[in-house]
Amino acid sequence: MSSGASQPLIEFKGVYKTYDNGTKALSDVNLRIDKGEFVFIVGPSGSGKSTFIKLIIHEEKLDAGEILVNGFKMSSLRKKEVPLLRRTMGIVFQDFRLIPTMNVFENVAFPMHVVGASKREIRKRVSYALNLVGLGRKARSLPRELSGGEQQRVGLARALVNKPSMIIADEPTGNVDPNMSYEIVDLLTEINRRGTTILMVTHEHQLVRDFDRRVVMIETGHIVADNAGGVF
Amino acid sequence: MKARSVRYLIGEGLKNIWLNRMMSIASVGVLMASMLLMGLAIAFSENVDRIMSTIESQNVVMIYLDDDLSDEQVQSVYEQIRSLDNINPDETIYISSSQALEGVLETMGPEYEQYFDAYFGEGNTILPETVRASMIDLEQYDQTISAIENVDGVDSYDSSRDLAVILTTVRSAINTAGIWMIVLLSLISLVIIANTVRITMFNRKLEISIMKAVGATNGFIRFPFMVEGITLGIIASLLTVGVEYLLYKVAIRALEPIISILSFNPVPFSNFMWIILLIFLALGIIAGLIASVITISKYLRREGSEFSAL
Chain A
36 MSSGASQPLI EFKGVYKTYD NGTKALSDVN LRIDKGEFVF IVGPSGSGKS TFIKLIIHEE
96 KLDAGEILVN GFKMSSLRKK EVPLLRRTMG IVFQDFRLIP TMNVFENVAF PMHVVGASKR
156 EIRKRVSYAL NLVGLGRKAR SLPRELSGGE QQRVGLARAL VNKPSMIIAD EPTGNVDPNM
216 SYEIVDLLTE INRRGTTILM VTHEHQLVRD FDRRVVMIET GHIVADNAGG VF
Chain B
70 MKARSVRYLI GEGLKNIWLN RMMSIASVGV LMASMLLMGL AIAFSENVDR IMSTIESQNV
130 VMIYLDDDLS DEQVQSVYEQ IRSLDNINPD ETIYISSSQA LEGVLETMGP EYEQYFDAYF
190 GEGNTILPET VRASMIDLEQ YDQTISAIEN VDGVDSYDSS RDLAVILTTV RSAINTAGIW
250 MIVLLSLISL VIIANTVRIT MFNRKLEISI MKAVGATNGF IRFPFMVEGI TLGIIASLLT
310 VGVEYLLYKV AIRALEPIIS ILSFNPVPFS NFMWIILLIF LALGIIAGLI ASVITISKYL
370 RREGSEFSAL
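Residue numbers (our numbering), protein chains in the order written: chain A, 36 to 267; chain B, 70 to 379.
In structure tokens, the structure reads:
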């Protein structure tokens with residue numbers, strides 16, 4: 036789906052990142068992800084996938100090069116701009132990270148409180164997001180009353196409730212059964228179809244092959260392949 | 070920050086207090102202990118001040134004369150004392166030994182007269198002739214006393230100033246000890262509140278990591294913890310004023326006999342209640358605020374990131 040006419044959402048230009056303990060996480064990474072794309076980030080453990088994500092959300096700072104995310108220049112991003120950057124994205128975690136004392140509705144509404152949304156907006160958006168992930172009837176349930184797949188769908192609803200321009204999903208199928216994995220990616224595909232850029236980190240090769248999307252492969256801190264159509 | 074966010078965060082802070090109620094109770098308890106000590110020191114100080122002003126308003130010196138003086142000599146001594154500088158002649162009176170006995174019997178009860186008669190012989194008394202003199206200016210106390218001592222025929226004197234000196238010493242000792250105790254207890258309170266906030270923080274690690282991931286500012290994350298600290302401080306202040314009111318009432322009742330001897334009216338609690346409440350509120354709010362801000366800021370600086378936080 037990437038095209039020259041499209042607008043870039045994420046751009047890595049000659050990015051280097053080495054941790055304090057000497058581990059070289061990323062070396063000379065160059066990459067462009069356009070608005071509206073669905074990209075799988077694949078690679079073995081320790082390849083630099085997590086660092087790649089951490090740099091995008093500015094949990095880690097780059098050593099050299101430049102990263103542009105949604106118009107934010109990461110090399111010169113000020114501390115107080117970090118929350119503004121993060122409000123442009125939704126994050127889905129492998130371990131769901133739902134708050135156990137809050138019900139489904141409250142969990143999904145949580146990011147909306149952070150941006151100071153009104154009660155009316157919260158009701159409207161949360162209902163929309165829950166219906167989109169097929170959990171409209173479970174709004175009052177607590178996380179422990181849901182299956183792994185359902186919990187991850189709540190996580191998805193929470194990620195998209197603030198209408199982010201992109202969703203970053205870090206191994207979203209890692210803790211759900213294989214059938215549910217496909218449902219999760221189906222949902223992400225539907226969200227992508229409605230205009231949200233999706234960046235999904237995974238190591239499930241079969242899943243990647245079955246969905247016909249762009250695949251970026253990282254190994255030992257380098258991008259070793261960047262193919263369209265689920266090829267790697 | 071929007072008003073509705075503030076409302077939401079205040080609600081979250083209050084909810085935290087309930088969710089960590091055991092630690093909240095411990096924090097309030099320790100804060101109350103330190104505030105109570107401070108409040109009792111203030112109550113004591115207020116009452117000592119009142120006793121002192123009662124004493125000072127009297128400015129009285131009881132001057133006892135030699136036993137073997139004739140009536141004329143007594144009269145002469147009395148006149149000399151009245152004419153001294155800094156002695157108010159209009160408020161200076163002569164009390165004969167028999168009048169002094171009458172006074173004693175008035176206090177002890179007339180039935181004691183027979184014992185005095187049996188002991189000293191009817192009509193006799195060993196109580197000295199006395200001049201009750203009143204000073205105009207207490208600042209000149211020492212000079213006036215030495216002038217009195219220089220009058221021929223004066224045996225000894227007794228002044229309520231001695232009691233005032235003792236009370237002043239006790240008050241300053243209590244104030245000094247009180248200040249150190251308050252400093253120490255304030256530090257302990259700070260640590261306890263900081264621990265309560267820290268426990269809440271670890272309980273809410275997940276929420277904090279999600280908050281940061283969805284773009285919450287540090288101020289937004291910090292707010293409920295500040296609400297928690299401040300609320301604990303306010304609860305402790307209000308409870309302490311209530312407890313101190315009851316303790317003060319009980320103490321006054323228990324000390325009734327001593328108070329009547331000193332012939333002074335204890336300062337009503339309402340006279341210093343507002344000062345105490347204001348001091349407590351300030352102490353509680355500051356302790357709560359400092360403890361929560363330090364704890365959470367330290368956490369947000371060191372940890373609290375999205376993927377590695379849990």
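Idealized CB from N, CA, C, for every residue including glycine.
Alpha carbon of residue i to alpha carbon of residue j, nearest angstrom
i             : j             : result
residue 178/B : residue 187/B : 16 angstroms
residue 84/A  : residue 94/A  : 13 angstroms
residue 2/A   : residue 295/B : Examination of residue 2/A is not possible in this model, given that chain A is present from 36 through 267 alone.
residue 264/B : residue 96/B  : 9 angstroms
residue 114/A : residue 43/A  : 23 angstroms
residue 120/B : residue 106/B : 21 angstroms
residue 211/B : residue 299/B : 52 angstroms
residue 81/A  : residue 238/A : 12 angstroms
residue 224/B : residue 250/B : 46 angstroms
residue 142/B : residue 174/B : 27 angstroms
residue 142/A : residue 189/A : 8 angstroms
residue 222/A : residue 249/A : 17 angstroms
residue 159/A : residue 139/A : 15 angstroms
residue 108/B : residue 172/A : 57 angstroms
residue 379/B : residue 93/B  : Unreliable placement is indicated for residue 379/B, whose pLDDT of 43 sits below 50; no coordinate value is reported for it.
residue 116/A : residue 284/B : 9 angstroms
residue 88/A  : residue 346/B : 53 angstroms
residue 322/B : residue 312/B : 16 angstroms
residue 271/A : residue 83/B  : Residue 271/A is absent from the model: chain A starts at 36 and stops at 267.
residue 62/B  : residue 259/B : What the structure shows of chain B is the stretch from 70 to 379, and residue 62/B is not part of that stretch, so it cannot be assessed.
residue 341/B : residue 74/B  : 38 angstroms
residue 262/B : residue 146/A : 28 angstroms
residue 235/A : residue 77/A  : 9 angstroms
N-terminal and C-terminal residue of the alpha helix (DSSP H) that residue i is part of
i             : result
residue 188/A : 183–195
residue 130/A : Where residue 130/A is concerned, there is no enclosing alpha helix (DSSP H), given that its DSSP letter is neither H nor E.
residue 292/B : 287–323
residue 143/B : 140–151
residue 333/B : Counting along the chain, residue 333/B falls outside any alpha helix (DSSP H), and DSSP gives it neither H nor E.
residue 186/B : 182–189
residue 142/A : 139–149
Any C-beta of chain A under 8 angstroms from that of residue i
i             : result
residue 104/B : no
residue 250/B : no
residue 278/B : yes
Contact set for residue i: own chain, Cβ-Cβ below 6 angstroms, skip 5 residues either direction
i             : result
residue 117/B : 236, 240
residue 160/B : 203
residue 263/A : 249
residue 245/A : none
Residues near residue i by beta carbon distance below 7 angstroms, same chain, minus five either side
i             : result
residue 60/A  : 52, 53, 54, 83, 86, 256
residue 85/B  : 269, 293, 297
residue 166/B : 194, 196, 197, 198
residue 230/A : 71
N- and C-terminal bounds of the beta strand (DSSP E) containing residue i
i             : result
residue 67/A  : 59–69
residue 49/A  : 43–53
residue 201/B : 199–203
residue 252/A : 249–254
residue 82/B  : Residue 82/B -> not in any beta strand (DSSP E); alpha helix (DSSP H) instead, spanning 72–88.
residue 109/A : Run containing residue 109/A: none; DSSP gives neither H nor E here.
residue 238/A : Premise fails: residue 238/A is in no beta strand (DSSP E) and is neither H nor E.
residue 385/B : Here chain B covers residues 70 to 379 and nothing more, so residue 385/B does not appear.
residue 214/A : Here residue 214/A belongs to no beta strand (DSSP E); instead the alpha helix (DSSP H) covers 213–228.
Near the ligand GTP: residue i beta-carbon under 7 angstroms from a heavy atom
i             : result
residue 175/B : Ligands in the displayed structure: none, and consequently the ligand GTP is not present.
Same chain, Cβ closer than 8 angstroms to residue i, five either side skipped, listed in chain order
i             : result
residue 92/A  : 120, 121, 124, 126, 203
residue 156/A : 147
residue 205/B : 128, 155, 156, 157
Chain B contact for residue i (CB, 8 angstroms cutoff)
i             : result
residue 38/A  : Confidence is the limiting factor: at residue 38/A the pLDDT is only 43, short of 50, which leaves the residue's position unreliable, though a coordinate-based value still follows. False, the Cβ-Cβ gap to chain B never drops below 8 angstroms.
residue 119/A : yes
residue 253/A : no
residue 131/A : no
residue 138/A : no
residue 45/A  : no
residue 146/A : yes
residue 197/A : yes
Contacts that residue i makes with chain D (C-beta to C-beta distance below 8 angstroms)
i            : result
residue 71/B : The structure shown has no chain D; the protein chains it does contain are A and B.
Counting only Cβ-Cβ distances shorter than 8 angstroms, please list the residues of the stretch 284–300 of chain B near chain A, keeping chain order.
284, 285, 286, 289
When Cβ atoms are compared, which residues of the stretch 75–105 of chain A fall closer than 8 angstroms to chain B?
Hits within the stretch, in order: 85, 88, 89, 92, 94.
Taking only beta carbons into account, state which residues of the stretch 219–245 of chain A come closer than 7 angstroms to chain B, listed in chain order.
none
Residues, ordered as in the chain, of the stretch 149–164 of chain A that lie near chain B by beta-carbon distance below 9 angstroms:
Answer set for the stretch 149–164 of chain A: 149, 150, 151, 152, 153, 154.
What are the residues in the stretch 71–94 of chain B lying within 7 angstroms of chain A by C-beta distance?
71, 73, 74, 77
Which residues, in chain order, does the stretch 263–277 of chain B contribute to contact with chain A at a C-beta distance below 9 angstroms?
Listed by position, the residues of the stretch 263–277 of chain B near chain A (Cβ gap below 9 angstroms) are 273, 275, 276.
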